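Worksheet: the structure to be examined is printed underneath.
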Amino acid sequence: MATLLEATTEPGCDTTKGNDSVALSDDLLAVLERYIELKTVRVPDLCSALARVEREIADEMHFVEFANANAAVGYKSFRRLQELRLKRRAIKDTDLVAHILGKLLSSVTPDSLSAAKRDIDGMKNRKYRVRAPETFQHEMKGGTMVI
């Protein structure tokens, strides 16, 4: 029967410490988690947010059309329209980014992301089996290599 052999002297110690590719994968997975949040949480709300802002713009435009306002009120209305248009632009930009990234990352799903994260995290606590325990020449204590 094979003996379990810890990769390090400390159980649960990160065996990938200092490996740039693992650090990069952690960063990439964090970014992909943000993309999944964008795709699953924020994008579904964008349509209603855009409709709400466009209704607010229509209300403000009707005020401008029908009100007999002085310069101060006109300036307030201008600033309100500018604020609403910038808000509308931000919503549309978010939707466009999600669409562009969606084409690029179409295979990224919450399940595939969690599987990749689980696999990368699993690398950090790997355990190795001694392939030839009868010829292993180093000291072992309780199935763990003594270093």
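Basically our numbering = 1-based index in the sequence shown + 171. In this text, a Cβ means the ideal position worked out from N, Cα and C, and glycines have one as well. If you're wondering where the values come from, they're calculated on a predicted model, not measured in any experiment.
Nearest to residue i (by Cα), restricted to the options the options
| i | options | result |
| --- | --- | --- |
| aspartate 266 | Glu208, Ser192, Val193 | Glu208 |
| leucine 275 | Asp198, Leu257, Leu203, Ala238 | Leu203 |
| valine 193 | Phe307, Glu305, His309, Arg289 | Arg289 |
| aspartate 191 | Arg297, Glu305, Ile291, Phe307 | Ile291 |
| serine 248 | Lys188, Asp230, Pro215, Asp264 | Asp230 |
| lysine 258 | Val214, Thr306, Ala220, Leu195 | Ala220 |
| serine 285 | Arg205, Asn241, Arg250 | Arg205 |
| valine 212 | Ala240, Leu195, Pro281 | Pro281 |
| proline 215 | Ala269, Ala201, Gly245, Ala243 | Ala269 |
Residue i burial status per 10 Å Cβ neighbour count (16 or more: buried)
| i | result |
| --- | --- |
| valine 224 | buried |
| isoleucine 271 | exposed |
| leucine 255 | buried |
Where residue i sits in the DSSP three-state scheme
| i | result |
| --- | --- |
| glutamine 253 | helix |
| phenylalanine 237 | helix |
| threonine 265 | helix |
| histidine 270 | helix |
| threonine 306 | helix |
| leucine 284 | helix |
| threonine 211 | helix |
| arginine 260 | helix |
| valine 279 | coil |
| lysine 247 | helix |
Where the alpha helix (DSSP H) through residue i begins and ends
| i | result |
| --- | --- |
| valine 202 | 191-208 |
Own chain residues within Cβ distance below 8 Å of residue i, not counting five before or after
| i | result |
| --- | --- |
| leucine 199 | none |
| leucine 228 | Checking the displayed sequence, the identity of residue 228 turns out to be isoleucine instead of leucine. Same-chain partners within the cutoff: Leu252, Leu255, Arg256, Arg259. |
Beta-carbon contacts of residue i that lie in its chain and below 7 Å, excluding the five residues immediately before and after
| i | result |
| --- | --- |
| leucine 217 | Ile262, Thr265, Asp266 |
| valine 235 | Ser248 |
Cβ-heavy atom distance, residue i to the ligand NAP, below 7 Å
| i | result |
| --- | --- |
| asparagine 241 | For the ligand NAP, the structure offers nothing, since it holds no ligand at all. |
Other residues of its chain near residue i: CB distance less than 6 Å, five sequence neighbours each side excluded
| i | result |
| --- | --- |
| serine 196 | Ile291 |
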